[in-house]
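Shown next, in structure tokens, is the structure this report addresses.
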Amino acid sequence: MAMFGKAQGRLEDQRFLTGKGRYVEDIVPEGALRVAFLRSPVAHAEIRSLDVTAAEAAPGVQLVLTAERLAGAGVVLGMRGYRVTQPDGSKGAGPERPVLALGRVRHVGEALAMVVAETPDQARDAVEMIEADLRDLPVALFPEGGPTIHPEAPGNHAFTHEQGDGGAVEAALAAAAHRIRFTTRHNRIAPASMEPRGAWAEWDGTRLHLAVNGQGVWGQKAELARQLGLPADAVRVTNPDVGGGFGMKAMPYPEYICLGAAARMLGRPVRWMADRGESMLSDNAGRDLEATSELGFDADFRLVACRVNLVSNLGAYNSQFGQGVQSEMFAKVLSGVYDVQAVHLRAEGVYTNTTPVDAYRGAGRPEAILTLERAMDAAARELGLSPEDLRARNVIRQFPYSFWNGEVIDSGDFPRLLARLEAASDAAGFAARRADSAARGLLRGRGMALYVEAIMGAPEETATVEFTETGVILYVGTQSNGQGHETVYTRMLADLTGLPESAITVVQGDSDRIARGGGTGGSRSVTVQGTAMRATVTTMTDAFASWLAEREGVPFRYADGVLKAEGRNLAFTLIEVADQARAAGRADLLRHSATTRLEGRSFPNGAHAAEVEIDPETGALRLDRYTAVDDFGTLIAPELVQGQVQGGVAQGFGQAVMEETVFDAQGQLLTGSFMDYALPRASDLPFIRFASEPSPTATNPLGMKGCGEAGTVGALPVIANAVADALAPLGARVEMPFTPARIWAALAEARDASD
């Protein structure tokens, strides 16, 4: 395709940069009522009583909802959450998560009641009038533990999940010439999207419409129908423009069910938009686990066994994907890019009195690669090898390659990635740069890592192309959260068909206009949607060619945007054929769809390197250099790919260096605003060098591998390894986030130990 590999600007940017984006708050129906939630001020308590009498009588209040009132109105309170399969075949624990607290509250910020009023101030004032009698209960935190918070989960044990042959791994470790053990703490983080969560709902007497800034509409539609007792065709869900999601907006939340119920009860539209503090208390968090890896090597330093035991914090309840993230998703890439078959994972999940934890950019894969690559770096140090040498001895070299878990990677060239990274990052010049830093009293470290990512999410997608009198509409089942889907899909369709870009409109995120779709998540969007689009174009051009052949009495063949008659000087563009079909009354030829399913997933991969400088007097860290060499297969829009990598690296840097959600011993959130929760700024980051070393995949006809989460997958271990390299000569070790206080304390402890 001629477009592939060309750098071009984003079509959406003019609209977004001139304030013409249409976000949830921009399209609220006139006269919509305002919503505020009463949220628990304590982490764990029995609800003795909830008196809403004064709130109901407050000025402007139209409705006050509690769990009991929702249940009385026929609303199903319990939300669904995925449950993994345990070694004995049973499912993980399934305690109910009510949309409003029932009987107990289990984390600070859990919603107890909802107030609907004419104005925001009236709603907030009425919330203050609700009298909640709460009896404090002991608190369970991670990793300390505590009292059982769900009777369905004794000891707060949510699940145990195992993959691999534990006996074979133990035998291989026992026979190994070298055995390395390393523990990694993965700090909890807040996704903190630019646009907080929000939604509005309206009821027309027979149908419910929810507009929500999510990552897809069909899962939310199904849950609204189930929990509100409505037939599926009585629910419409739409996603307008969305200001970031990163996995956090991929699932239903309690607030949306409450909004739908209130709109139906009142017959008026209702709206809610979280403020930042509310988001910190109620948005699903990311990461939060502790993983111990054991690696076994033979006498030639070849990896012969890998075992990981981990415990993850699910928070107070099962969120939609929570149990699967640090178990099944983690396992997809547990062995990274290395040729090793003796692998075992034992993952346990626990409940605590904190906000639920779910998918965040990468969802299990950054955690797995960070765990493995930190252990590989520690192994290289202990074995007396360079990090590059140890990795080069162990990378997969023959493709296709079947991983220990049955997953198959069909293409890649890891030695080539290592060689390109060494040159692009100027590895040869590191010694001189380290000496220069030392002369200035600074510690310099270099980190590198190899990673492999697994494309996740629904493997099936549908694309529909409709010709109207004014242009062409492309319906897609994915949902842009700022990635540039309109640009990519418009240019892909234009390239496939010869249609002018100006004639194409992309429609997404509307369950009425699009029958089904997989939404956005797991780096799936362009790969899966692009494959469906290609099939739709084939379906469309075949239909047009057949009709023209019937009409003209001569075969037609499609090529380069034109349908040409064989043996005659007769050719039509697709728009010309569509206009002719409309004139002939052939409405069936004006809309074409195809659904495709990818039978195998693709595995983006790459090699990253970074250098940091640390001031030993203050512990301050500066990221000085960053280089990414990635294999995403065929690049559809290189400038968007580079942006995705750079954004992913920035998020990885944030978690590695400054971001951490912190609770005190009573479960109170100490990092509830951007005054307390640090996010990276542009000035914190150097220019992030990006290079492509593609090995196109055969798992989809486009040869793509996906790129949306790879930057974060690579950045976490690279920065961690750079910090470890800087501190190792002084015998210091520190866990993420690498804040100045932590680094300074680690250096002070190392100095004290050496005295």
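My numbering puts the first residue of the sequence shown at -13, with every later residue one more than the last. The C-beta atom is built at its ideal place from N, Cα and C for all residues, glycine as well.
Quick one: is residue i buried, meaning 16 or more other Cβ sit within 10 Å of its Cβ, or exposed?
i      : result
S372   : exposed
G5     : exposed
E368   : exposed
F232   : buried
V704   : buried
A22    : buried
T377   : Per the sequence shown, residue 377 should be read as Arg rather than Thr. Classification for R377: buried.
R(-4)  : buried
Q213   : buried
V635   : buried
Q108   : buried
G(-9)  : Confidence at G(-9) is low in this model, with a pLDDT of 47, below 50, so the placement of that residue should be treated as unreliable; the coordinate-derived value is given next. The residue in question, G(-9), is exposed, as its Cβ has fewer than 16 Cβ neighbours within 10 Å.
F307   : buried
V540   : exposed
L49    : buried
A417   : exposed
T795   : Only positions -13 to 741 of the chain appear in the structure, and residue 795 is not among them; the question remains open.
V125   : buried
R347   : buried
M722   : buried
Q384   : exposed
A(-12) : Unreliable placement is indicated for A(-12), whose pLDDT of 34 sits below 50; no coordinate value is reported for it.
Give the DSSP bridge partners of residue i, in chain order.
i    : result
N591 : V438 and D617
G690 : In the sequence as displayed, the identity of residue 690 is Met instead of Gly. DSSP output for M690 lists G619 as bridge partner(s).
W805 : The requested residue 805 does not occur in the structure, where the chain is confined to residues -13 to 741.
Q149 : L331
Could you tell me whether the Cβ of residue i comes closer than 8 Å to any Cβ of chain B?
i    : result
R499 : In the structure shown, chain B cannot be found, because there is only a single protein chain.
Taking 8 Å as the threshold (C-beta atoms), are residue j and residue i in contact?
i    : j    : result
P226 : Y9   : yes
A710 : R719 : yes
L267 : G431 : no
H750 : T340 : The requested residue 750 is not part of the displayed model; the chain covers only -13 to 741.
T506 : N467 : yes
G184 : W258 : yes
A732 : F639 : no
L24  : G653 : no
A260 : P182 : yes
A31  : A79  : no
Y437 : I382 : no
R568 : L576 : yes
A103 : L196 : no
V221 : R406 : no
L584 : T524 : no
E472 : A480 : no
T224 : D496 : yes
R90  : E209 : no
E679 : R402 : yes
N380 : R288 : yes
E374 : L404 : yes
N120 : I33  : Sequence inspection shows Leu at residue 120; the Asn mentioned does not correspond to that position. Contact flag set, yes.
D617 : G398 : yes
Is the region 427 to 445 in contact with the region 499 to 514, if contact means three or more CB pairs nearer than 8 Å? yes
At a cut of 8 Å, does the region 324 to 331 reach the region 238 to 249 through at least three beta carbon pairs? no
Okay, do the region 197 to 213 and the region 654 to 667 touch, 3+ Cβ pairs below 8 Å being the bar? no
Where in the region 520 to 578 do unbroken runs of the beta strand (DSSP E), each at least 3 residues long, occur, reported from the N-terminal end onward? 542 to 545, 548 to 551 and 557 to 559
Are the region 422 to 431 and the region 456 to 466 touching, with three or more C-beta to C-beta distances below 8 Å? no
Counting Cβ pairs closer than 8 Å, one from the region 162 to 181 and one from the region 276 to 288, do we hit at least three? yes
Please confirm if the region 608 to 617 is in contact with the region 581 to 598, defined as three or more CB-CB distances below 8 Å between the two stretches. yes
Stretch-stretch touch, CB-based, cutoff 8 Å, three pairs: the region 544 to 553 with the region 572 to 590: no
Considering only residues of the region 201 to 256, which uninterrupted alpha helix (DSSP H) runs meet the minimum length of 4 residues and lie entirely inside it, listed in chain order? 204 to 214 and 240 to 252
Tell me whether the region 331 to 349 and the region 269 to 278 touch, counting them as touching only if at least three CB pairs, one residue from each stretch, are closer than 8 Å. yes
Identify every run of the alpha helix (DSSP H) within the region 684 to 741, keeping only runs that are complete inside it and at least 4 residues long; order them along the chain. 696 to 713 and 726 to 740
Is the region 44 to 60 in contact with the region 77 to 90, if contact means three or more CB pairs nearer than 8 Å? yes
My parser needs the beta strand (DSSP E) runs of 3 or more residues fully inside the region 601 to 668; what are they? 607 to 617
Counting only runs that start and end within the region 379 to 467, where is the alpha helix (DSSP H) found for 4 or more residues in a row? 400 to 410 and 416 to 425
Taking the runs of the beta strand (DSSP E) that are 3 residues or longer, which of them lie wholly in the region 316 to 363? 329 to 336
Unbroken beta strand (DSSP E) runs of length 3 or more, entirely within the region 113 to 179: which are they? 117 to 122, 143 to 150 and 164 to 172
On the three-pair Cβ rule with 8 Å, is the region 639 to 648 touching the region 533 to 547? no
If we count Cβ pairs, one from each stretch, closer than 8 Å, do we get three or more for the region 515 to 533 versus the region 557 to 572? yes
Pairs of beta-carbons, one from the region 328 to 335 and one from the region 681 to 693, closer than 8 Å: are there three or more? no
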